[in-house]
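Protein chains in written order, with this note's numbering: chain L, 23 to 679; chain E, 23 to 679.
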């Protein structure tokens with residue numbers, strides 16, 4: 023409890039929003055997005071309040087924005103986050119003594135109170151203005167005193183003017199005296215809020231089967247990826263791979279000669295986290311890759327996995343950064359009695375933790391200097407949260423355009439906390455949410471609770487680690503369904519592309535992941551296959567770019583459709599509105615009646631409107647709330663409608679007038 | 023945002039509940055009620071956590087309660103508030119390093135890891151125990167070191183015992199290292215949580231019409247009030263009444279000679295807030311009244327209205343406590359252009375505010391010393407909130423059994439803030455909530471949101487200031503409906519008794535209040551009238567006392583009943599369960615089908631059960647979820663059922679076995 027002295031003010035700010043844990047953590051915004059700040063503010067009795075929103079760009083100026091009183095003593099003010107980096111905002115309020123006096127004075131005048139009584143009140147107004155003048159700047163002081171004199175002289179109409187009110191407001195010595203919690207706003211660039219990610223293994227990008235692809239081979243694939251409409255190419259680790267306890271095909275504990283190993287077993291005598299595998303072409307090939315990507319307006323995201331193979335140079339150079347067993351050997355990763363001897367975890371709590379933490383931060387800086395601004399962080403939840411607070415704050419402070427994606431498939435509170443402490447994007451449970459109930463419940467949590475203020479989902483239908491049963495068994499329709507759900511439910515999404523687009527979905531018999539997994543072997547893909555889903559990728563990404571409604575998360579609204587195997591929802595942004603109807607059944611035809619909330623969508627109740635299916639191109643003419651939709655999954659399991667409000671009638675033509 | 027250094031711990035407490043504004047204000051409990059504390063706690067990786075609830079009675083000892091892990095990383099612990107006054111609680115957590123080691127060790131043993139490897143791990147366990155021993159008390163230290171030696175000697179079964187785990191837990195040097203916000207618990211005595219209030223004007227308690235009743239006349243009414251089952255008698259102000267600008271009958275601005283004036287125009291040459299009106303018999307009669315009440319196990323609540331008539335002694339003795347107009351006259355109350363010249367407000371912000379605040383606090387202390395422990399505070403929202411924080415904390419610290427009822431019929435945020443800052447009971451909007459929608463929405467807000475942690479409603483169907491249209495037009499059924507709603511929806515309720523029980527409900531033509539209002543004149547009432555609602559009062563108060571379910575607020579659950587003019591709800595407490603079905607229509611018969619959630623009520627789905635109507639005495643035999651109820655308001659507009667679970671069947675008799 024605060025002490026009485028801290029509270030001895032007549033004004034109480036009872037709440038401020040948006041905020042996360044009363045300001046303990048920042049809220050997140052994308053450049054150009056607004057913050058609609060609301061504060062509950064009360065005062066005893068009936069005096070008028072003034073409230074201002076104070077917005078500061080870190081290291082910049084403070085702006086004061088007047089707040090307006092709404093229903094139930096809620097005051098609101100809005101500002102726009104214009105540049106990446108940190109802003110803070112807080113609310114200040116005070117009793118508007120002069121304004122309260124003036125209001126009562128006006129009511130006296132309007133109520134016909136005699137002049138003799140008004141003159142007594144005028145003296146009080148004059149006294150207030152004189153008090154306000156004491157610390158005012160010279161010009162204002164003179165004006166305030168002039169008004170005070172006029173009041174004292176008995177000029178009963180003088181306080182009805184606006185000017186003394188304005189002057190008083192700006193010079194009230196109690197102005198801004200009550201201050202709310204300060205709330206930080208972490209502002210990201212656009213790509214953190216609207217982006218399509220494409221993941222592929224560069225070593226699988228050669229044209230000749232069985233040959234280890236290089237980053238130059240991968241560069242040759244970029245144009246195709248760009249043409250499919252993706253914004254970010256994300257590469258699994260590209261570093262030298264250890265040989266000690268190297269894993270073979272399908273995670274076989276013993277690799278056969280010639281097997282390439284897992285890219286997550288980082289480090290060999292050739293180097294560690296700041297080296298590039300020599301079969302990929304080394305650093306020069308990487309630099310060419312980044313350049314080629316940027317030329318195509320693509321950005322490169324790297325996978326940062328803080329773990330070492332037993333052959334990582336740090337094992338010899340910095341044994342102090344690893345945990346030892348009592349016999350002096352380095353402790354490998356394990357989940358007793360299982361052992362993962364190809365990986366040494368780092369000991370974030372070792373005696374030399376400061377040098378380790380700096381070295382890890384330096385890894386990011388190394389790649390930042392080579393043009394990388396986006397990082398997918400592997401398993402951040404197995405490293406101390408305090409490390410991420412420290413590391414991300416320092417890096418983002420220097421490079422406000424960085425984007426960190428947390429690959430934390432773990433418990434809800436940990437995932438949410440990683441987002442609070444600075445990760446800009448997060449992997450989600452979307453990958454495992456397939457039924458209407460699952461999808462609706464989870465999306466409501468992500469879009470309608472306070473989670474939306476700090477957790478920015480990045481929806482993935484698949485990853486090299488996860489191939490869900492639904493994709494494994496549902497064929498082409500299932501792949502389209504899950505891709506469209508990811509790309510339309512969430513403005514940020516990604517796909518582990520090559521196997522997905524070719525509908526390669528053989529599950530490993532023991533695990534929920536791909537068989538013949540690229541994590542352990544080199545594959546070859548057809549990079550220009552019109553029969554693959556590449557066409558769908560291209561069309562859906564085009565639709566996303568053309569429709570502002572699909573570029574936000576908060577605007578998702580589910581629609582009633584009386585079929586548990588169909589999901590319907592809409593998103594709107596200004597005049598743009600998109601309605602998606604998705605069959606969740608990849609096998610059988612499904613039909614249902616969807617209910618459109620005409621008023622919310624700005625649609626006429628009494629006239630027809632057009633629904634343009636952006637995938638198929640059909641233009642439906644609809645009228646009213648309820649519409650029957652039948653979906654045949656083998657034709658196209660989803661509809662993405664754009665609402666075109668206008669349908670011309672005879673009244674629109676000249677001759678009708 | 024907290025600095026990194028404050029956060030450098032692997033453990034994060036993400037939330038603690040119950041709390042009000044993250045611990046800024048206390049939560050409230052009644053003596054004997056429990057606090058079920060929950061904390062969200064996470065750690066990176068897979069280590070085990072320990073969490074303890076630390077509970078301190080202010081000025082007393084601290085108790086440590088182990089918390090148990092539930093779903094979604096929520097840890098819970100419970101304590102009971104045993105005495106009135108302040109408690110605090112907070113959560114402490116830490117990584118259980120030994121426990122984590124031991125768990126992994128067990129999995130190694132179970133997984134058949136060879137002894138040689140186990141022995142390496144044992145050395146690590148030994149090292150941990152040695153570290154724990156450093157600051158342990160002597161006995162524990164010796165035991166820890168003995169176990170460490172045993173481990174070091176290679177005794178592979180030793181860590182499977184419970185004792186080293188227990189010792190380690192109690193002696194972990196990191197024990198309790200992460201600490202949550204401290205939350206205060208304000209504990210009230212029973213009467214703040216379960217009580218029936220009866221308000222009457224003592225001057226109307228004489229037997230002879232037109233005669234000013236005394237507090238001795240009022241004493242004679244106490245037995246009747248006690249017999250009706252009330253716990254608290256609440257008297258409007260009993261002080262000398264001013265004559266300057268005295269109000270006449272029905273708020274007439276000019277009193278006729280002999281009119282008694284409003285008890286809220288406090289103060290005359292006879293005295294102020296610490297005097298008793300001489301026509302009431304002065305202080306000696308008051309002392310006799312308190313004594314008589316207490317003898318009957320009734321408590322007296324006084325009305326404290328911090329305002330003065332122009333004749334109040336303070337006007338001459340302490341002119342510095344009043345606001346002056348510019349012409350030197352004291353500012354009377356006004357709502358321009360309306361004037362209330364019979365009342366001078368006090369200036370809480372005057373230069374001498376400290377002496378004024380002390381004097382106001384002394385008023386409470388004066389009556390406390392005369393045996394009063396319950397105060398109904400008039401219009402607290404027109405006095406600075408800071409005054410109440412200061413005043414209530416000081417008084418409650420000295421007298422933890424005080425109960426303050428806030429008479430603030432004002433805006434929601436202000437009402438809630440007054441409750442947060444210390445008022446134990448609050449007037450509510452119940453007085454204006456009459457439709458099913460209004461009642462349901464409001465009660466959901468009071469019982470299912472965080473409001474329940476600090477705002478303790480006191481439901482009043484009427485007051486001397488408020489006679490709602492519903493009562494004015496609905497006759498006897500309306501009076502029964504509103505009384506039973508107040509008494510069964512809320513464990514604390516009150517009634518302005520005399521006009522209510524006699525169904526006197528003439529509205530003033532211009533205002534939503536009683537005509538011929540007792541505020542301005544003396545009335546005479548029949549204090550023993552079997553045809554009045556006194557019988558209903560008695561029966562309902564008896565039902566409340568006999569049924570624990572009606573003595574709580576949080577346990578309210580609304581029931582589905584397919585009629586917008588009928589309201590159904592239940593409350594249960596342990597084996598006691600009450601179902602109320604109320605017709606909101608005071609004129610016509612209504613019928614509906616109520617749906618009972620059998621499982622929640624612990625009722626058999628496949629067997630009959632009894633429903634005893636506690637008002638009428640009928641015993642219904644019901645079976646299943648749905649039950650048709652018809653209510654004829656002129657017979658009895660409400661049903662208060664007690665559920666009697668047991669209905670004997672032939673299987674219960676000996677011969678059946």
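Glycine residues also receive a C-beta, built at the ideal position from the N, C-alpha and C atoms.
Need the endpoints of the alpha helix (DSSP H) that residue i sits in, please.
i, result
"residue 127(L)", "119 to 132"
"residue 506(E)", "491 to 511"
"residue 416(E)", "407 to 420"
"residue 437(E)", "434 to 443"
"residue 379(L)", "375 to 391"
"residue 79(E)", "Careful: residue 79(E) lies outside any alpha helix (DSSP H), inside the beta strand (DSSP E) at 71 to 79."
"residue 315(L)", "304 to 317"
Around the C-beta of residue i, are 16 or more other C-beta atoms found within 10 angstroms, so that it is buried, or is it exposed?
i, result
"residue 24(E)", "Confidence in residue 24(E) is poor, its pLDDT being 41 and thus under 50, which makes the residue's placement too unreliable to answer from."
"residue 589(L)", "buried"
"residue 673(L)", "exposed"
"residue 35(E)", "buried"
"residue 619(L)", "exposed"
"residue 668(L)", "exposed"
"residue 230(E)", "exposed"
"residue 28(E)", "Bear in mind that a pLDDT of 41 at residue 28(E), under 50, signals an unreliable position, so the number given afterwards is only what the model happens to contain. Exposed."
Out of the options, which has the shortest C-alpha to C-alpha gap to residue i?
i, options, result
"residue 82(L)", "430(L), 191(L), 106(L)", "106(L)"
"residue 187(L)", "413(L), 213(L), 127(L), 160(L)", "127(L)"
"residue 294(L)", "278(L), 270(L), 274(L), 335(L)", "335(L)"
"residue 616(E)", "610(E), 595(E), 661(E)", "661(E)"
"residue 394(L)", "206(L), 296(L), 56(L), 606(L)", "296(L)"
"residue 443(L)", "45(L), 31(L), 38(L)", "45(L)"
"residue 324(L)", "130(L), 428(L), 379(L)", "428(L)"
"residue 529(L)", "484(L), 419(L), 546(L)", "484(L)"
"residue 541(L)", "237(L), 341(L), 226(L)", "226(L)"
"residue 551(E)", "123(E), 159(E), 246(E)", "246(E)"
"residue 238(L)", "380(L), 167(L), 275(L), 302(L)", "302(L)"
"residue 434(L)", "611(L), 467(L), 415(L)", "467(L)"
"residue 265(E)", "272(E), 291(E), 258(E)", "291(E)"
Name the two residues that bound the continuous beta strand (DSSP E) containing residue i.
i, result
"residue 219(E)", "217 to 221"
"residue 37(L)", "33 to 39"
"residue 544(E)", "Run containing residue 544(E): none; DSSP gives neither H nor E here."
"residue 661(L)", "660 to 666"
To the nearest whole angstrom, what separates the beta carbons of residue i and residue j, a pair I think is in contact under 8 Å?
i, j, result
"residue 47(E)", "residue 476(E)", "6 Å"
"residue 209(L)", "residue 103(L)", "4 Å"
"residue 49(E)", "residue 207(E)", "5 Å"
"residue 344(E)", "residue 368(E)", "7 Å"
"residue 502(E)", "residue 558(E)", "6 Å"
"residue 514(L)", "residue 486(L)", "The pair is not a contact, with the Cβ atoms about 19 Å apart (cut-off 8 Å)."
"residue 436(L)", "residue 403(L)", "5 Å"
Is residue i near the ligand NAD - that is, is its Cβ less than 7 Å away from at least one heavy atom of it?
i, result
"residue 232(L)", "Among the components of this structure there are no ligands whatsoever, and the ligand NAD is therefore not found."
Self-check item: the segment 243 to 251 of chain E touching the segment 557 to 568 of chain E, judged by at least three CB pairs closer than 8 Å
Solution: yes
Quiz item: Are at least three pairs of beta-carbons, each pair with one atom in the segment 102 to 121 of chain L and one in the segment 144 to 160 of chain L, less than 8 Å apart?
Solution: yes
Quiz item: Does the count of Cβ pairs from the segment 628 to 641 of chain L and the segment 581 to 591 of chain L closer than 8 Å reach three?
Solution: no
Quiz item: Is there contact here, the segment 57 to 71 of chain E with the segment 62 to 70 of chain L, by at least three beta-carbon pairs under 8 Å?
Solution: no
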